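Report on the following structure.
Number of protein chains: 2
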Amino acid sequence: MDIVFKAINDPTRREILRFLTHGPQNAGTIAQQFNMTKPSISHHLDLLKQAQLIDFSKKGQFLVYTLNKSGFESIHAWFQPFTLFFELPKPKIRL
Amino acid sequence: MDIVFKAINDPTRREILRFLTHGPQNAGTIAQQFNMTKPSISHHLDLLKQAQLIDFSKKGQFLVYTLNKSGFESIHAWFQPFTLFFELPKPKIRL
DNA sequence: TAAATAATTAAACAAATATTTAAATATAAA
DNA sequence: TTTATATTTAAATATTTGTTTAATTATTTA
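Spelled out as C-alpha cells, the structure:
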C-alpha cells in the first residue's frame with residue numbers, strides 16, 4: 001500500500017503516468033520527455049513498477065511500458081471512504 | 001498540487017485522515033491514537049492543513065480538526081484521467 | 001494572578017529520497 | 001564477431017523528511 005503513495009508523490013513519476021495515458025511507450029521515448037538522465041528515469045520507472053502502476057514487456061532491445069490498472073485500484077480503494085464521507089448526505093436528525 | 005501527494009505519502013497522516021472520518025477531533029484526541037509524541041502529530045496535522053486535507057477551528061483551549069473537502073477534490077481531479085483511461089472501452093476498429 | 005492544561009514552534013539529527021556519473025547487460029546491426 | 005543501441009544497476013552525494021526533546025503561546029481554573 002505504502003509504495004503506491006510513495007510512487008505518486010514524485011512529480012516526474014506523475015508526469016510519466018500521465019504520458020502513458022497516450023498509450024504504451026518504450027523507456028527511451030519516456031526519458032526524452034524529461035530534462036533528466038536515463039538512469040534517473042529508469043529508477044522512477046522501477047518505482048512505478050513496484051507500485052504496480054505500470055508494467056512492461058520486452059520488444060527486442062526495447063522495454064515497452066504501459067499503465068497497470070492494479071496500482072490505480074489501490075488508490076481508488078483508499079479514496080473510497082472519503083468519497084462516502086463527503087458525498088453521503090448527513091442525517092439532520094437523530095433517528 | 002505537490003503538497004497533497006506529499007501529505008498522503010505518510011502512513012501516520014493517512015491514519016489521521018481515516019480517524020477524522022469518524023467526525024471532528026481535537027489535537028490531543030488525535031495524538032492519543034498514535035505511539036508518537038504530540039509535536040510529531042502536530043507537525044503531521046500542519047502538513048495535512050497545508051494540503052487542505054484538513055481544517056481546524058479553535059474551541060477554547062482546544063483545536064478541533066475536521067476533514068476538508070478541497071484537498072480530496074485535488075486528488076480526485078488528478079485521478080480522473082486514469083479512471084477514463086481504464087474504464088472507457090477502447091474502440092476495436094479504427095473509424 | 002499563579003498554576004495547570006492544550007497545543008505549537010524551534011533546533012537537532014538519523015533515515016529516506018532523487019539525482020548524477022560510471023559500469024554492466026542484453027539485443028541488433030555491420 | 002565486433003560495434004552500436006537501449007536500458008538497467010551500482011556507487012556516491014546533496015536534499016528532504018520524520019522524529020525527538022526543549023521552549024513557547026494561549027487558555028482555563030483555583
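Respectively, the protein sequence lines represent chains A and B. Final position of the first sequence in this note's numbering is 95; the numbers increase by one with none missing. Final position of the second sequence in this note's numbering is 95; the numbers increase by one with none missing. In this text, a Cβ means the ideal position worked out from N, Cα and C, and glycines have one as well. Only a predicted model underlies this, so the values are computations on that prediction, with no experimental measurement involved.
- Per DSSP, F56 of chain B is one residue of the beta strand (DSSP E) stretching across I54 to K59.
- Residues of chain B whose Cβ lies closer than 9 Å to the Cβ of T21 of chain A are, in chain order, P81, F82, L84 and F85.
- Assignment of N26 of chain A by DSSP, reduced to helix, strand and coil, places it in the strand class.
- Residue-level contact by beta carbon holds for I8 of chain B and chain A, with a gap shorter than 7 Å.
- Proximity of K69 of chain A to chain B, defined by a Cβ-Cβ separation below 7 Å, is satisfied.
- In its chain, beyond the 5 residues on either side, S74 and W78 have a beta carbon closer than 8 Å to the beta carbon of M1 of chain A.
- Distance between S40 of chain A and I30 of chain A, taken at the CA atoms: about 11 Å.
- Under the three-state reduction of DSSP output, T83 of chain B falls in the helix class.
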